[in-house]
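K.L.:
Quick one: the structure is below, and I'll ask about it shortly.
Protein chains: 2
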Amino acid sequence: MTGDDDVPNAGEQAADRVHATLRAEILDGVRTAGSRLREEEIAAAQGTSRTPVREAIRRLAADGLAEIAPRRGAVVVAWDADDLDELFDLRVVLEGHAAARAAVSGRADLDRLRALCDRMEALRTPPDYPAITRLNLEFHREVHRAGGRRVLPELVARVVEAPLVQSTIRRYTPDRLDRSFAQHRDLVAAIEAGDADWARAVMTAHLRAAREVVRDAVTNAHPSP
Amino acid sequence: MTGDDDVPNAGEQAADRVHATLRAEILDGVRTAGSRLREEEIAAAQGTSRTPVREAIRRLAADGLAEIAPRRGAVVVAWDADDLDELFDLRVVLEGHAAARAAVSGRADLDRLRALCDRMEALRTPPDYPAITRLNLEFHREVHRAGGRRVLPELVARVVEAPLVQSTIRRYTPDRLDRSFAQHRDLVAAIEAGDADWARAVMTAHLRAAREVVRDAVTNAHPSP
DNA sequence: CCACCTTACTTTGTGCACAATCACGATGGA
DNA sequence: TCCATCGTGATTGTGCACAAAGTAAGGTGG
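Protein chains in written order, with the working numbering: chain A, 1 to 225; chain B, 1001 to 1225.
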């Protein structure tokens, strides 16, 4: 036993830890869009030198969570309304494809998907949004894994694990949450039936609804005049 | 004037140069799949220290061109037949989407696309494969740029700029080359007409043909028994 | 003869220091 | 008052050195 936290194959490398920490801080909104990522500050906070911090920041840039200007440092990426539209278009395309492939690949773990549905529905009243968000991500990731071998899961992660995308669930009303859970069940049924078109349609509907929620959230909350 | 080679905004950073060099070597087949990327060796060859080399290797891993095992170093990724199928599926999905969006976005530079068609066709007899490959990549990139704002071009690059994908054109017969050029012209016409479905269909047909060529090349050339 | 352990050697991961560049403010002149 | 130029501080890019982990070879015991 090595005593890992949650990741099985954690290399316990400093760069990995810093990367995970910064990633979580960006996704949780602790580090807001446009804020700078100064290497020395992060290094001091994490108790390491700048070397692993540099590597972590470069990885964040590769993940699409930060932007690096040469000799000027890195900042957390800022998304405008058009960027979010593009992001959700790509989610529909890629996750729809993943769902369709998962339906015919025979590699979907249906028991696991159903168990995740059960656990999400159990957290409905009162809604435990952070936990539901985590389980929802796990559910989608299982579909991605079943729909692609190597490249697809990485590509989808690039568009799913974005700041405003992950905070979508938090804005769901209980009614909206029920419909989302029902779509999950439908998706499992479509995959179990081996119906690629059905699976793609359910996923598309699922994501279109999420897109509306995010769009409302962005237009209602005026960012910075 | 700064005297750059070909990239306009070259930061003249060592890490960028090493990254570009290694990338070209992998895509050109100089570094074969599975071969190791030793930091010190590369540093010596490039005339720098290990620090920029490390950064370049990590970037290659983010590009999907290398795989890093902690404490064990990096190797050039190896693709099997199933991986290539997944890759071309994703090309169809993403480039088809890009073509469809380019047809309705109004951001396609039709003159530039036509000029690239002209230049490719001028290199037909005898076929200058390296030059055609470059121009073909430029052509596709223009479509990607017109079809997406930020994320799409990066995602598509991830599946287009793979070793075996870029060497596809080299395996085209003159006949196959003519059909490919005709599809490029069709795509320009579809985009000019603003017909998203047409553009997607042309791109899908274009890539399906390429997939066949790559599939034949892989099955005919037995890699390692 | 084979399996296991020990021992060097190789390679990566991290810390640290210096140089180059950028941002910002002060100072001087028109 | 406004603009240009010149410091000064802050931050990143790179080189270098040491520590840790992995690998492979050789030796020893069964």
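Heads up, the beta-carbon is just placed ideally off N, CA and C, and yes, glycines get one too.
Note that the coordinates shown come from a computational prediction; the quantities given were computed from them, not determined experimentally.
Determine the DSSP secondary structure at residue 1077 of chain B, reduced to helix, strand or coil.
P.N.:
Residue 1077 of chain B falls in the coil class under three-state DSSP.
K.L.:
For the alpha helix (DSSP H) containing residue 1067 of chain B, name the first residue and the last one.
P.N.:
Where residue 1067 of chain B is concerned, there is no enclosing alpha helix (DSSP H), although the beta strand (DSSP E) it sits in stretches over 1066–1069.
K.L.:
To the nearest angstrom, how far is the alpha carbon of residue 1109 of chain B from that of residue 1115 of chain B?
P.N.:
Using only the alpha carbons, I get a separation of about 10 Å.
K.L.:
Leaving out the 5 sequence neighbours to the left and right, which residues in its chain are closer than 8 Å to residue 205 of chain A when beta-carbon positions are compared?
P.N.:
So the qualifying residues of the chain are 183.
K.L.:
Can you check which of these residues, A:80, A:87, A:75, A:219, is closest to residue 1151 of chain B by C-alpha distance?
P.N.:
Out of A:80, A:87, A:75, A:219, A:87 has the C-alpha closest to the C-alpha of residue 1151 of chain B.
K.L.:
Would you mind reading off the limits of the alpha helix (DSSP H) that contains residue 193 of chain A?
P.N.:
Element bounds for residue 193 of chain A: 174–193.
K.L.:
Please state the DSSP three-state secondary structure of residue 141 of chain A.
P.N.:
Correct three-state label for residue 141 of chain A: helix.
K.L.:
Answer yes if the region 1094–1113 of chain B comes into contact with the region 1061–1070 of chain B, meaning at least three C-beta pairs across the two stretches below 8 Å, and no otherwise.
P.N.:
Segments in contact, no.
K.L.:
Counting contacts by CB-CB distance shorter than 8 Å, is residue 1151 of chain B in contact with chain A?
P.N.:
Answer yes: the Cβ-Cβ gap between residue 1151 of chain B and chain A drops below 8 Å somewhere.
K.L.:
Under three-state DSSP, which class holds residue 1110 of chain B?
P.N.:
Helix at residue 1110 of chain B.
K.L.:
Do residue 1052 of chain B and residue 1020 of chain B have their CB atoms nearer than 8 Å?
P.N.:
Not in contact: residue 1052 of chain B and residue 1020 of chain B (Cβ atoms no closer than 8 Å).
K.L.:
Could you tell me if residue 9 of chain A is buried or exposed, where buried requires 16 or more neighbouring beta carbons within 10 angstroms of its beta carbon?
P.N.:
Residue placement at residue 9 of chain A is flagged as unreliable, the pLDDT there being 41, under the threshold of 50; a coordinate-derived value is accordingly withheld.
K.L.:
Indicate whether at least one CB of chain B lies closer than 8 Å to the CB of residue 166 of chain A.
P.N.:
No, no contact with chain B.
K.L.:
Are there 16 or more other CB atoms within 10 angstroms of the CB of residue 106 of chain A, so buried, or fewer, so exposed?
P.N.:
It counts as exposed.
K.L.:
In the structure shown, what three-state DSSP assignment does residue 1022 of chain B receive?
P.N.:
Residue state, collapsed to three classes: helix.
K.L.:
For residue 1084 of chain B versus residue 1164 of chain B, is the C-beta spacing smaller than 8 Å?
P.N.:
Yes, they are a contact pair.
K.L.:
Under a CB-based cut-off of 8 Å, is residue 1148 of chain B close to chain A?
P.N.:
True, the Cβ-Cβ gap to chain A drops below 8 Å.
K.L.:
In three-state DSSP terms, what is residue 1038 of chain B?
P.N.:
Coil.
K.L.:
Taking the continuous alpha helix (DSSP H) assigned at residue 1012 of chain B, which residues delimit it?
P.N.:
Residue 1012 of chain B -> no alpha helix (DSSP H), and no H or E assigned at all.
K.L.:
Residues in its own chain within less than 6 Å of residue 166 of chain A by CB, not counting five upstream and five downstream?
P.N.:
Excluding sequence neighbours, residue 166 of chain A sits near 27.
K.L.:
With a threshold of 8 Å between beta carbons, is residue 97 of chain A in contact with chain B?
P.N.:
Closer than 8 Å: yes.
K.L.:
Which residues, in order along the region 1035–1068 of chain B, keep a beta-carbon less than 9 Å from a beta-carbon of chain A?
P.N.:
Correct list: 1051, 1054, 1055, 1058, 1059, 1061, 1062, 1063, 1064.
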